[in-house]
Amino acid sequence: MRAPPGGRGPGADRGRRRPCRLPWPRRLGFRSSPLVALGGRARPRGVPRGVPRRAGALGGGWVSKLGAASRRKDGTARPRDAARGPRAERARVRALASAVCEARLSLARSLGGADEDPARLEARVDALLAAFWRRRFADEGAHEDLSEWLAAQGAAAAAPALEALRRVPPTPASAERLARAHEIVLTRRLGRGPGGWRLLPSRLRRRQASYYTPRDVVDYVVEETVGALLEPLEATLAGASAARREALLERASSLAVLEPACGGGAFLLGALRRLRRFYRALGVPRPGRHALEHNLYGFDLDARALDLAELSLLAAVSDEPGPLVRLRGERLLLGDHLDGPLACRDRYPAPFARPAPGFDAVLGNPPYAPLRGELRDRARCADFATAGDGDLYATFVEGLEALLRPEGRGGLVVPLSLGYSVRLRRARELVLASARAWRLANFDRIPSGLFPAEVRTRSTILLAGPRRPKEPRVASTPLVRFAARERSRLFERLAYASVDGLHHEELGWPRPLSPCQAEWLGRLRSEPLGRLGDAEAPAGPHRLYFKQNSYAFLVVAAELPPAFAPDGAATPQTKYSALRFADADLRDASLALLAGAWGYAWWLTYGDGFDVTRQLLRAFPLDPRRLPPRVLSLLARLGVRIQSAVRGHVAFKRNGGKRIGTFDLRACRSLTHRADELLARALGAEELLSDVRSALSRTHAAG
Numbered sequence: 031m032r033a034p035p036g037g038r039g040p041g042a043d044r045g046r047r048r049p050c051r052l053p054w055p056r057r058l059g060f061r062s063s064p065l066v067a068l069g070g071r072a073r074p075r076g077v078p079r080g081v082p083r084r085a086g087a088l089g090g091g092w093v094s095k096l097g098a099a100s101r102r103k104d105g106t107a108r109p110r111d112a113a114r115g116p117r118a119e120r121a122r123v124r125a126l127a128s129a130v131c132e133a134r135l136s137l138a139r140s141l142g143g144a145d146e147d148p149a150r151l152e153a154r155v156d157a158l159l160a161a162f163w164r165r166r167f168a169d170e171g172a173h174e175d176l177s178e179w180l181a182a183q184g185a186a187a188a189a190p191a192l193e194a195l196r197r198v199p200p201t202p203a204s205a206e207r208l209a210r211a212h213e214i215v216l217t218r219r220l221g222r223g224p225g226g227w228r229l230l231p232s233r234l235r236r237r238q239a240s241y242y243t244p245r246d247v248v249d250y251v252v253e254e255t256v257g258a259l260l261e262p263l264e265a266t267l268a269g270a271s272a273a274r275r276e277a278l279l280e281r282a283s284s285l286a287v288l289e290p291a292c293g294g295g296a297f298l299l300g301a302l303r304r305l306r307r308f309y310r311a312l313g314v315p316r317p318g319r320h321a322l323e324h325n326l327y328g329f330d331l332d333a334r335a336l337d338l339a340e341l342s343l344l345a346a347v348s349d350e351p352g353p354l355v356r357l358r359g360e361r362l363l364l365g366d367h368l369d370g371p372l373a374c375r376d377r378y379p380a381p382f383a384r385p386a387p388g389f390d391a392v393l394g395n396p397p398y399a400p401l402r403g404e405l406r407d408r409a410r411c412a413d414f415a416t417a418g419d420g421d422l423y424a425t426f427v428e429g430l431e432a433l434l435r436p437e438g439r440g441g442l443v444v445p446l447s448l449g450y451s452v453r454l455r456r457a458r459e460l461v462l463a464s465a466r467a468w469r470l471a472n473f474d475r476i477p478s479g480l481f482p483a484e485v486r487t488r489s490t491i492l493l494a495g496p497r498r499p500k501e502p503r504v505a506s507t508p509l510v511r512f513a514a515r516e517r518s519r520l521f522e523r524l525a526y527a528s529v530d531g532l533h534h535e536e537l538g539w540p541r542p543l544s545p546c547q548a549e550w551l552g553r554l555r556s557e558p559l560g561r562l563g564d565a566e567a568p569a570g571p572h573r574l575y576f577k578q579n580s581y582a583f584l585v586v587a588a589e590l591p592p593a594f595a596p597d598g599a600a601t602p603q604t605k606y607s608a609l610r611f612a613d614a615d616l617r618d619a620s621l622a623l624l625a626g627a628w629g630y631a632w633w634l635t636y637g638d639g640f641d642v643t644r645q646l647l648r649a650f651p652l653d654p655r656r657l658p659p660r661v662l663s664l665l666a667r668l669g670v671r672i673q674s675a676v677r678g679h680v681a682f683k684r685n686g687g688k689r690i691g692t693f694d695l696r697a698c699r700s701l702t703h704r705a706d707e708l709l710a711r712a713l714g715a716e717e718l719l720s721d722v723r724s725a726l727s728r729t730h731a732a733g
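Structure representation (structure tokens):
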């Protein structure tokens, strides 16, 4: 075999260790690149980047043969996805290593003192970070090698830490990175994918259904709970006498803030930032440490998560010199929410020893996991009324009332299903039965969501206020849709409307587009005009088809749109259902009612943001037979014209080789607008129609 130009054959360098090209920071203290130190030979000459190693540990050697993952059949290089390639993954590892190093320095600065043994300090920091790194890269076959590497690298990485303290300033901002480390630990594992070693979804995260909460969500929940408790104290702070300031300090120091299932402590960090701001204004010498010692509580099932929570909280106050604040075993405890509220009282007796027992604030992002099998049995043993609801987060909603004192406030980030799911009816009943004021802020996940796209959930921020038996008890926002560029002003634009008395037995709480719409929903309940389902005839010959999912408009039609198999032959539609009517005019009038802003607004108000169900459409609050005959006739004619118009506007989408057609009702907006205005005049609801259209435009919908 002839050597290529340059005189070297493809195997000439096999087995030769090559220097690492990665620009690892010297301050990390690594003896060599972790990618080389993980064991095995370096990449042989002729093996391109991205080729996976052999199965087993990371140190198992390179695959000698070029496979389909990196080469086409003709031998040319296969293009790599820049966002997912090995370089991108190494960049993520470098960024993570830098954050961990910075956190190490901040923690050492925070813990270090005259009475602190440096050797014990280094050992403690190493134990925490080594556990973190093992979880970060855990994968079958690689765990053993990584443990050995961590044991070798731990001392080298820790050696310069204390020495560097004199020249490296503390950075409390690293606390946020450490809190996010919990999400990284649960989110990614290093495993082999089609193109080599990749960061893969974690089985542990899927099992625990845990997700790190974004900073802006945390800050909003904290401001609506802890901030609301501090506002009356801040209002009297200006010009207060020394005695008054002492009283304010005593009152603020008595506030007890709990994050159940705290994970990395994101909400505890948010509460710490808010309390620290108040204590600083009050003139407390070390405000952050004061908050840690007096106000914050948390528990979690995962001991390593508690380690990270402690690490992040201590790093947040690393710029405040002083002795070590002990959190583990006192403020941060190992515990399970399913042990019940009584177990929580046993863990933290102090907040329940007061005349008005309970926590002043309970806030968090509970796990979104099914409640079945052993978990359900444990919930029943702890007397959770929501044990049969099927979702773990429902028990956290129930626990708010048991853990909060009468004037306390709560905030939980939960799925949107709390507001509409039939299975969660019991949780909603408990909320309605309480004497607290509740608010629900609802968020879609398209075009952007509260959480990263990979989480794929529509969310509700549930806020519990003080007990107020005589005031409106439930208020809600619309289903908010927002683009990523609008996120910076998302929470300041939230508008709540009272939905007292509007809870639907089958559909749950409404998410009204505006206070005006909420008022009209109440009027329709007191002066009912029937339901669309009243006009339906189960065996009727005239069908009104509807697509079973939606986003920008409801797809309703008197006939199904075309669909074609891969060979071009017609194939039946599968994502459609139908309402049936005995009379064609009723069917066509119903089409006109649902095709425009009225039907779409109804779906946004009581739907889940995706599914369109028979139950939802049947509950539309108008029986067309209640309309004057002339109005009914005009609506029926408009329905026929709408159906005729959409036949020429079919949008096709490929699905499994098939071409699936959908009627694009946006092409006949002039007709649907006429139908909307005709109904508005018949009901005297012109102002409501204008308000609905304005609200739809604000939520990026086509109304």
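One rule links them: number in my numbering = place in the sequence shown (from 1) + 30. All C-beta atoms in this analysis are idealised placements derived from N, C-alpha and C, irrespective of residue type, glycine included.
Under three-state DSSP, which class holds residue i?
i: G394; result: strand
i: F682; result: strand
i: D641; result: strand
i: H534; result: strand
i: P262; result: helix
i: A187; result: Only weak support exists for where A187 lies, its pLDDT of 38 falling under 50; the value from the coordinates is given anyway. Helix, per DSSP.
i: V510; result: strand
i: V504; result: strand
i: G560; result: coil
i: D421; result: strand
i: S528; result: strand
i: A737; result: Since the first and last residues shown for the chain are 31 and 733, residue 737 lies out of range.
i: L480; result: coil
i: E437; result: strand
i: F426; result: helix
i: A569; result: coil
i: F650; result: coil
i: R358; result: strand
i: F389; result: strand
i: F382; result: helix
Identify, in the order they occur along the chain, each residue of the same chain with its Cβ nearer than 6 angstroms to the Cβ of residue i, setting aside the five sequence neighbours on each side.
i: H533; result: W539
i: L305; result: A321 and N325
i: G563; result: R648
i: H679; result: D694 and A697
I'd like to check one pair, residue j with residue i: are the Cβ atoms closer than 8 angstroms?
i: A608; j: L647; result: no
i: R671; j: A593; result: no
i: Y423; j: R469; result: no
i: L401; j: G440; result: no
i: V444; j: T490; result: yes
i: R488; j: G639; result: yes
i: L454; j: A494; result: no
i: R723; j: F650; result: no
Looking only at its own chain, which residues have a Cβ that is under 7 angstroms from the Cβ of residue i, when we skip the five neighbours before and after it?
i: A567; result: R610, F611 and A612
i: G626; result: T702, H703, A705 and D706
Let me check understanding here. Comparing Cα to Cα, which of the options lies closest to residue i?
i: P542; options: E254, A588 and P508; result: P508
i: A681; options: Q673, P499, A697 and G687; result: A697
i: A514; options: T692, Q645 and F473; result: F473
i: Y630; options: E289, A587, R553 and Y581; result: Y581
i: L665; options: G639, D638, A712 and F640; result: A712
i: V314; options: G328, A272, L430 and C292; result: A272
i: L549; options: R377, A715 and L460; result: For clarity, residue 549 is Glu in the given sequence; the question names Leu instead. Ranking the options by Cα distance to E549, first place goes to A715.
i: P558; options: R375, L662 and D653; result: D653
i: E264; options: L279, L298, D349 and L590; result: L279
Here's a check: name, in chain order, each residue in its chain whose Cβ is nearer than 8 angstroms to the Cβ of residue i, leaving out the five neighbours to either side.
i: R704; result: L668
i: A380; result: A286
i: E717; result: C546
Bridge partners for residue i per DSSP, in chain order?
i: T490; result: V444 and N472
i: L609; result: L574
i: K688; result: N685
i: N579; result: D641
i: V586; result: F576
i: F329; result: P290 and L363
i: P400; result: D421
i: R497; result: R466
Looking at the ligand ADP, does it come within less than 7 angstroms of residue i, judged from the CB to the closest heavy atom?
i: T507; result: Looking for the ligand ADP in the displayed structure turns up nothing, as the structure carries no ligands at all.
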